[in-house]
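*Asks:* Sharing a structure, written as structure tokens. Questions coming.
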Amino acid sequence: MDHVVVVGGGAAGMSASSRVRRLNPNAEITVFEETKMVSHAPCGVPYFIEGLFNDENLFMTYTPEFFISKRKIDVKINRKVYDIDLNSRIVKFADENNKKSIVEYDYLVLTLGSVPKKVPFEGKRIFYAHHPAHAVELRKELWELDKIAIIGGGILGVELAEALSNKGKNVILIHRGKYVLNKMLDEDMGKVIQDRIEKDVNLKTEESLMELRDEGKTVITDKSKYEVDGTIVAIGVTPNISLVKDKVKLGKSGAIWTDEHMRTNLPEVYAAGDSAETANLITNDRTWMPFAPVANKMGYVAGSNIAGKKMVFPGTIGTMITKYKEFYIAKTGVAEFEAKKYGIKVYSSMIKSKTRARYYPDAKDIYVKLIAEENTNKIIGAQIVGGEEVLGRIDMLAAMIMKGFTVEEGFFVEMGYLPAIATVWDPVIVAIRQLMKAD
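Mind the numbering: the sequence shown is residues 6 to 444 in my numbering, read in order.
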């Protein structure tokens, strides 16, 4: 009887273990999770900080008890794996009292997640918002503060700025890039959301952190100095590979290298989720995409292959979505700045439209940008900022991109029309029409 050991009980880990159980009722499955939470949702941390929900158990899709009783998976929470002997196929772990034990495996799944990038300064008022297991303590401390600096204008920084400004906090958002979300959006789309953020938040772009003093209450940048009650560092995450960095092959992104079956360079060892690298379907380069939907599918594929059902993870195109106040912000495929980096010649269009028919009340603004490849006329990128109906449109465009639609094929996609939620010429089709003029 195969013994499958999973290190990390997040989205990918529980997806992998559940898939093995589904396909192999007799497998022995053990999951090690360092915190008290499994199947957890770090994406919910900003909304918990905002106070949109109060029960920390809602971070978990299912509880450890559910997996133990219903799926017969031996979930061991509050267990720290401190070493793995890949030659002997042994996992070494310690409990809350630092009592050490070992377990042998036939298959190992590394779903180690990611860790926040740190700054070389420490203090009681320097915070990192990452794992939901620490969200209760984090919220308690932040709610006691009034003036808060956020370092980093990426997705997490923008979401935290929204959460804290909604709580009535005085927020300074400091970002070293030219505009917020500059690793997600092109500048023309980034400016749309930046103009909105500046209405609520003291936004400082093209400004780099130099030092944090006084426990995090003094922020010194290359341009100014700010006195605050506390500082949140949100400058990104990196793959959590410290446990295995000298033991398995790492990819060019720094995450664990995997093949299309989510197998590492060792045939009995798989990796998935935020600690695993995969392929970018547009650039044909290796990439790292730490988002929950990707992690779940990676885990599903890994579990399928371990249990004997061959399955391929095709790669990713980088579909992502966030929000700030009334605006939803989404991207799929490559941005223009990414295409330039990879030497892909493109043409693009950007339009502003409305989300409802002109006579239907409460229409919202929506901005759509599309990017097509010159040589093939295929749509390879899309960005949307809008007040509603953004998710469905970006998902549709993701499907078009994954299936290699040309501009003209995209134009003829038959979309539904209802005055209450769409215009007769859908904003996506209007943007495609603009691309056809550019072609």
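Backbone N, C-alpha and C fix where the C-beta goes; we use that ideal spot for every residue, glycine too.
Considering Cα atoms alone, identify which of Ile-349, Tyr-333, Lys-174 is closest to Ala-340.
*Replies:* Walking along the sequence shown from the start, residue 340 turns up at place 335. It is Ile-349 whose Cα lies nearest to the Cα of Ala-340.
*Asks:* Starting from Asp-251, follow the beta strand (DSSP E) in both directions and report where the run begins and ends.
*Replies:* For the purposes of this step, residue 251 is taken as residue 246 along the sequence shown, with counting starting at 1. It is not in any beta strand (DSSP E) - Asp-251 carries neither H nor E in the DSSP assignment.
*Asks:* If you measure between the beta carbons of Met-441 and Val-418, is that distance less than 7 Å?
*Replies:* Within the sequence shown, numbered from 1, the residue matching residue 441 stands at position 436. Within the sequence shown, numbered from 1, the residue matching residue 418 stands at position 413. Their beta carbons are not under 7 Å apart, which means Met-441 does not touch Val-418 by this criterion.
*Asks:* So, are the CB atoms of Gly-259 and Arg-130 less than 7 Å apart?
*Replies:* The count along the sequence shown starts at 1 and reaches residue 259 at position 254. The count along the sequence shown starts at 1 and reaches residue 130 at position 125. Contact: no.
*Asks:* Identify which residue in Pro-121, Ser-44, Glu-39, Gly-49 has its Cα closest to the Cα of Lys-85.
*Replies:* In the sequence shown, counting from the first residue as 1, residue 85 sits at position 80. It is Glu-39 whose Cα lies nearest to the Cα of Lys-85.
*Asks:* Shortest alpha-carbon distance to Tyr-87 belongs to which of Ile-95, Ala-99, Ser-93, Arg-398?
*Replies:* Working through the sequence shown from its first residue, we reach residue 87 at position 82. Comparing Cα positions, the closest option is Ala-99.
*Asks:* Counting pairs of Cβ atoms below 8 Å between the segment 50-58 and the segment 331-339, do you hit three or more?
*Replies:* As far as the Cβ criterion goes, the segment 50-58 does not touch the segment 331-339, which means the pair count is below three.
*Asks:* Is there contact between the segment 288-303 and the segment 319-332, where contact requires at least three CB pairs shorter than 8 Å?
*Replies:* Cβ pair count under 8 Å is three or more, so yes.
*Asks:* How would you call Ser-5, buried or exposed, if buried means at least 16 neighbouring beta carbons within 10 angstroms?
*Replies:* In the structure as shown, the chain begins at 6 and stops at 444. Residue 5 is therefore absent and cannot be evaluated.
*Asks:* Tell me the DSSP secondary structure of Ser-354 in three-state form.
*Replies:* Against the sequence shown, residue 354 aligns to sequence position 349. DSSP places Ser-354 in strand when its eight states are reduced to three.
*Asks:* Mind pulling the alpha helix (DSSP H) runs of 4 or more residues that sit fully within the segment 36-80?
*Replies:* With a minimum length of 4 residues, the continuous alpha helix (DSSP H) runs that stay inside the segment 36-80 are 50-55, 69-75.
*Asks:* Is Ala-436 helix, strand or coil by DSSP?
*Replies:* On the sequence shown, residue 436 is found 431 positions in, with the first residue counted as 1. Residue state, collapsed to three classes: helix.
*Asks:* Could you give the distance in angstroms between the alpha-carbon of Leu-286 and the alpha-carbon of Lys-230?
*Replies:* Locating residue 286 in the sequence shown gives position 281, where the first residue counts as 1. Locating residue 230 in the sequence shown gives position 225, where the first residue counts as 1. Cα to Cα, Leu-286 sits roughly 43 Å from Lys-230.
*Asks:* Output yes or no for whether 7 Å exceeds the beta carbon distance between Glu-393 and Lys-369.
*Replies:* Locating residue 393 in the sequence shown gives position 388, where the first residue counts as 1. Locating residue 369 in the sequence shown gives position 364, where the first residue counts as 1. Yes, these two residues count as a Cβ contact at 7 Å.
*Asks:* Under DSSP, the alpha helix (DSSP H) around Leu-147 begins and ends at which residues?
*Replies:* Position 142 of the sequence shown holds residue 147. That run of the alpha helix (DSSP H) goes 140-148.
*Asks:* Under three-state DSSP, which class holds Glu-211?
*Replies:* Taking the first residue of the sequence shown as 1, we reach residue 211 at position 206. Here Glu-211 sits in coil by DSSP.
*Asks:* Can you check DSSP and say which residues form a bridge with Met-267?
*Replies:* One-based indexing of the sequence shown puts residue 267 at position 262. Paired residue(s): none; Met-267 is not in a bridge.
*Asks:* Please list, in chain order, all residues of the same chain as His-135 whose beta carbon is under 6 Å from its beta carbon, the five residues on each side excluded.
*Replies:* Taking the first residue of the sequence shown as 1, we reach residue 135 at position 130. Correct list, in chain order: Pro-121.
*Asks:* So does the segment 154-161 actually touch the segment 170-180, counting three or more Cβ pairs closer than 8 Å?
*Replies:* Taking 8 Å as the limit for Cβ pairs, the verdict is that the segment 170-180 does touch the segment 154-161.
*Asks:* What residue ranges within the segment 382-438 form continuous alpha helix (DSSP H) runs of no fewer than 4 residues, ordered along the chain?
*Replies:* Runs of the alpha helix (DSSP H) inside the segment 382-438: 395-407, 412-416.
*Asks:* At what residues does the beta strand (DSSP E) containing Met-325 begin and finish?
*Replies:* Walking along the sequence shown from the start, residue 325 turns up at place 320. First-last of the beta strand (DSSP E) with Met-325: 325-329.
*Asks:* Kindly indicate which three-state DSSP category Val-96 falls into: helix, strand or coil?
*Replies:* Within the sequence shown, residue 96 is the residue found at index 91, counting from 1. Reduced to three states, the DSSP call for Val-96 is strand.
*Asks:* Tell me, please, whether the segment 52-66 touches the segment 25-32 by the rule of three or more beta-carbon pairs shorter than 8 Å.
*Replies:* They do not touch, by the three-pair rule.
*Asks:* From Val-124 to Val-433, what distance separates their C-alpha atoms?
*Replies:* Stepping through the sequence shown from its first residue, residue 124 is reached at position 119. Stepping through the sequence shown from its first residue, residue 433 is reached at position 428. Spanning the two alpha carbons is a distance of roughly 41 Å.
*Asks:* Indicate the three-state DSSP secondary structure (helix, strand or coil) for Gly-338 in the structure shown.
*Replies:* Taking the first residue of the sequence shown as 1, we reach residue 338 at position 333. Three-state result, Gly-338: strand.
*Asks:* Nearest to Tyr-364 by CA position, among Ile-326, Thr-324, Thr-428, is which residue?
*Replies:* For the purposes of this step, residue 364 is identified with residue 359 of the sequence shown, where counting begins at 1. Checking every option, the nearest Cα to that of Tyr-364 belongs to Thr-428.
*Asks:* Once the 5 residues before and after Asp-431 are set aside, which same chain residues still bring their CB inside 7 Å of it?
*Replies:* In the sequence shown, residue 431 corresponds to position 426, counting from 1. Met-420, listed in sequence order.
*Asks:* Decide if Arg-215 is buried, meaning its Cβ has at least 16 other Cβ atoms within 10 Å, or exposed.
*Replies:* Taking the sequence shown and counting its residues from 1, one reaches residue 215 at position 210. For clarity, residue 215 is Met in the given sequence; the question names Arg instead. Exposed, since its Cβ has fewer than 16 Cβ neighbours within 10 Å.
*Asks:* Just to confirm the assignment, what range does the alpha helix (DSSP H) spanning Pro-298 have?
*Replies:* On the sequence shown, residue 298 is found 293 positions in, with the first residue counted as 1. 297-311 is the span of the alpha helix (DSSP H), which, as asked, contains Pro-298.
*Asks:* With a threshold of 8 Å on Cβ separation, who are the neighbours of Val-242 within its own chain once the five nearest residues in sequence on each side are excluded?
*Replies:* Residue 242 sits at position 237 when you count from the first residue of the sequence shown. Taken in chain order, the residues that qualify are Ser-119, Val-120, Pro-121, Lys-122, His-135, Asp-279, Pro-295.
*Asks:* Classify Ser-81 as buried or exposed, calling it buried when 16 or more other Cβ atoms lie within 10 Å of its own Cβ.
*Replies:* Taking the first residue of the sequence shown as position 1, residue 81 is located at position 76. In the sequence as presented, Ser is not what sits at residue 81; that position holds Lys. With 16 or more other Cβ atoms within 10 Å, it is buried.
*Asks:* Cα-Cα, which of Val-36, Ala-403, Val-96 is closest to Thr-324?
*Replies:* Taking the sequence shown and counting its residues from 1, one reaches residue 324 at position 319. Minimum Cα distance to Thr-324 is reached at Ala-403.
*Asks:* Near Asn-301, which residues of its chain fall below 6 Å by C-beta distance, leaving aside the five closest residues on each side in sequence?
*Replies:* As a working note, residue 301 is residue 296 in the sequence shown. Ala-16, Ser-20.
*Asks:* In terms of residues, what are the limits of the alpha helix (DSSP H) holding Ser-119?
*Replies:* Along the sequence shown, read from residue 1 onward, the residue named residue 119 stands at position 114. Counting along the chain, Ser-119 falls outside any alpha helix (DSSP H), though it belongs to the beta strand (DSSP E) covering 119-121.
*Asks:* Counting C-beta neighbours from all protein chains within 10 Å, is the total for Val-43 16 or more, i.e. buried, or is it exposed?
*Replies:* Residue mapping note: residue 43 aligns to position 38 of the sequence shown, counting from 1. Buried, by the Cβ-count rule.
*Asks:* Identify, in the order they occur along the chain, each residue of the same chain with its Cβ nearer than 6 Å to the Cβ of Arg-438, setting aside the five sequence neighbours on each side.
*Replies:* In the sequence shown, the residue the question calls residue 438 occupies position 433. Cβ neighbours of Arg-438 beyond the five flanking positions: none.
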